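For what it's worth, our numbering labels the leading residue of the sequence shown as 21, then goes sequentially.
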Amino acid sequence: DDVTAYPVGKFFQYDIWKQSTQRLRRGLPAFLRARRGRTLAKELEALREAKSHRPLIALPTQDPATHGGASSKASSD
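Here it is, written out as structure tokens:
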């Protein structure tokens, strides 16, 4: 009967973990990123930039003129 489903107490491990994650969300990650390595922050920023600035039309990586695909069709018409 005296077995409780949740630990009793103001600060048990889950509460402390929740508080630390909320503290990290408030603005510590930028500080931690600067301490751990600025390259990681730059890579994350570059990834965000690449995602936000995607081209509307995906251009082919190879030039069609070098393969002769577009030029031969245009000359036959």
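Glycine is no exception: its CB is placed at the ideal position from the N, C-alpha and C atoms.
Model, not experiment: these values are computed from the prediction.
Local conformation of residue 83 per DSSP, three classes
In the three-state reduction of the DSSP assignment, residue 83 falls in the coil class, being assigned neither a helical nor a strand state.
Between the CA atoms of residue 58 and residue 80 - distance to the nearest angstrom
Taking the straight line from one Cα to the other gives about 34 angstroms.
Just the C-alpha distance for residue 70 and residue 64, rounded to the nearest angstrom, thanks.
10 angstroms
DSSP state of residue 78 mapped onto helix, strand, coil
The answer is coil: DSSP assigns residue 78 none of H, G, I, E or B.
Alpha-carbon spacing of residue 78 relative to residue 61, whole angstroms
Using only the alpha carbons, I get a separation of about 27 angstroms.
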